[in-house]
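Student: One structure follows; several queries about it will come next.
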Amino acid sequence: MKLIVLAAGYATRLYPLTLHRPKPLLTVGGQPMLNHVLRALAPVRGIEHAYIVTNARFADQFESWRQTWATRTPFPCTIVNDGTTDDANKRGAIGDIHFVLETQAVEDDLVVIAGDNLFSQPLEGFEDYCRKRSAPVLGVYDVGNLEQIKKYNAIETDQDGRITYFEEKPAHPRSTVTGIALYYYPRHTLPRIRQYIAEGNNPDQPGRLVQWMYPRVAFYTWRVPGLWFDIGSRETLEEADRIFHALNLQQA
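Per this note's numbering, the sequence shown starts with residue 3, numbered consecutively.
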């Protein structure tokens, strides 16, 4: 099993914090955000290698991070430079997944996570659930607010957890459960990712791949434990920093 960490965005909403520093390397709870992302996935024992895909502007910083933290990450990491330099020529999240598949010759079960997704608890049970399903799986979280869902996506499932409805940024959401940037794609579905790109579909926003794929193959959901933080603003960054500092004190 391989892991792709999506870290090639430019995080313009967080300027000036991210003008010269990539969002996943901003400090949360005394450590780079990326450390927490990888640590949350430590229970996924099947991961043999992680590919952290970034851009030409920040590749050197990620390589410095790798050299500093290599002995303390749950699995070996390779930094993949997608060659882009700004928002105008970025590949998009799905484009970056495809880029890693092609340039790193990945033909294995795949976990994909965004480099700005933080969890207060380890993702225990995710691997067992995915292997049991042997089908694509989307991590989901209940934000508890229909207005907030409008910033994300809305999903509905059947009694087995299979997606029956998915809409990006819904105007009239019916549920407070949203899909987050945590995905499992078994190896037999990787040709679907290549097909999505080959057909010229929108390469940005990884949820669009879910929206395209779920009518074609069974796509299931897994509810993440604890709290989830989507670091898209200074306010959520500061909130996560406070909570992770508190978690560190509890664990000390």
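Glycine residues also receive a C-beta, built at the ideal position from the N, C-alpha and C atoms.
#1: Under the assumption that I157 contacts S177 (Cβ atoms under 8 Å), give the Cβ distance between them as a whole number of angstroms.
#2: Assuming I195 contacts L184 under a Cβ cut-off of 8 Å, what Cβ separation, rounded to an integer in Å, is found between them?
#3: Is it right to say A61 is buried, meaning 16 or more other beta carbons lie within 10 angstroms of its own, or is it exposed?
#4: Enumerate in chain order the residues of its own chain whose CB-to-CB distance from I199 is below 8 Å, with the five nearest sequence positions on each side excluded.
#5: Which of helix, strand or coil does DSSP assign to Y187?
#6: Evaluate L138 with the Cβ neighbour count: other Cβ atoms within 10 Å of its Cβ, from every protein chain shown; 16 or more gives buried, anything less gives exposed.
#7: In the DSSP assignment, the alpha helix (DSSP H) including E170 goes from what residue to what residue?
#8: I'd like the list of long-range same chain contacts for A254, defined as Cβ closer than 7 Å, with 5 residues on each side in sequence excluded.
#9: Out of curiosity, what's the CA-to-CA distance linking A52 and F77?
#10: Can you list, in chain order, the stretches of the alpha helix (DSSP H) that have 4 or more residues and sit fully within the segment 188 to 251?
#11: Around the Cβ of A38, are there at least 16 other Cβ atoms within 10 angstroms (buried) or fewer (exposed)?
#12: Counting Cβ pairs closer than 8 Å, one from the segment 221 to 239 and one from the segment 141 to 150, do we hit at least three?
#13: Taking the alpha carbon of R133 as the point to measure from, which residue in W71, A173, R189 and P124 has its own alpha carbon closest?
#14: In whole angstroms, what separates the C-alpha of G85 from that of Q161?
#15: So, for P172: in the same chain, excluding its five sequence neighbours on each side, which residues have a beta-carbon less than 8 Å away from its beta-carbon?
#16: Consult DSSP for A254 and reduce its assignment to one of helix, strand or coil.
#17: Rounded to whole angstroms, what's the CA-CA distance from P217 to T166? Just pull it up for me.
Tutor: In brief:
#1: 7 Å
#2: Not really, about 16 Å apart at Cβ, beyond 8 Å.
#3: buried
#4: I96, G97, H100 and P205
#5: strand
#6: Residue identity differs from the one stated: residue 138 is Pro in this sequence, not Leu. Buried is the call here.
#7: Unbroken run through E170 is the beta strand (DSSP E), I165 to E170; no alpha helix (DSSP H).
#8: Caution applies to A254, whose pLDDT of 41 falls short of 50 and renders its modelled position unreliable; the value that the coordinates give is listed next. Here the set comprises nothing.
#9: 7 Å
#10: 192 to 200 and 209 to 215
#11: One detail in the question is off: residue 38 reads as His in this sequence, not Ala. Buried, since its Cβ has 16 or more Cβ neighbours within 10 Å.
#12: yes
#13: R189
#14: 43 Å
#15: I151, K152, N155 and A156
#16: Note that A254 scores a pLDDT of 41, beneath 50, so its modelled location is shaky and nothing firm can be said.
#17: 8 Å
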